[in-house]
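In this note's numbering, the protein residues as written are 2 to 132.
Built from N, CA and C at the ideal position, the CB exists for glycine as well.
Please read these numbers as outputs of a predicted model, since none were measured by experiment.
Okay, structure first, notes after.
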């Protein structure tokens with residue numbers, strides 16, 4: 002079995018929020034802030050991940066206090082094991098995650114309360130963390 006990939010991850014400094022809106026909602030202007038925004042629409046919901054500037058409308062259902070790691074890429078689409086090398090150690094340490102993939106790379110969000118554990122576990126597994 003091949004050794005898991007060792008990667009460099011950049012910890013984005015902002016705090017992030019994950020919001021759930023109705024699938025029929027239009028895209029709000031507050032969604033487009035910060036160095037990372039993810040918008041996903043399904044038949045059940047419109048999910049928005051953006052920086053938490055504490056200025057979101059009160060009626061929006063949100064999950065706050067997330068930190069975001071950017072895996073330094075880009076990675077070819079046929080390269081396997083990238084996310085696994087990050088997610089498996091976090092799962093073994095019982096650190097919950099939210100993973101998002103883009104054309105070039107992947108992002109992994111973890112709750113702020115688990116940040117130091119996450120950093121320690123990833124470093125112990127050979128990854129480099131740029132903070």
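Neighbourhood of residue i by C-beta distance below 8 Å, restricted to the same chain and skipping five residues each side
i, result
"residue 115", "96, 97"
"residue 94", "118, 119, 122"
Residue i in three-state terms, based on DSSP
i, result
"residue 18", "strand"
"residue 1", "Beyond the ends of the chain as shown, which are 2 and 132, falls residue 1; an answer cannot be given."
"residue 48", "strand"
"residue 96", "coil"
"residue 59", "coil"
Residue(s) in a DSSP beta bridge with residue i
i, result
"residue 31", "DSSP lists no partner for residue 31."
"residue 129", "9"
Residue i versus residue j: straight-line alpha-carbon distance, rounded
i, j, result
"residue 125", "residue 25", "44 Å"
"residue 21", "residue 66", "15 Å"
"residue 48", "residue 72", "21 Å"
"residue 75", "residue 10", "12 Å"
"residue 30", "residue 46", "18 Å"
Sequence-distant residues of the same chain with beta carbon closer than 7 Å to residue i, five excluded per side
i, result
"residue 69", "13, 17, 37, 108, 110"
*Going along the chain, which unbroken runs of the alpha helix (DSSP H) with 4 or more residues stay wholly within the region 68–127?*
Every unbroken stretch of the alpha helix (DSSP H) spanning 4 or more residues and falling wholly within the region 68–127 is given here in chain order: 83–93, 116–125.
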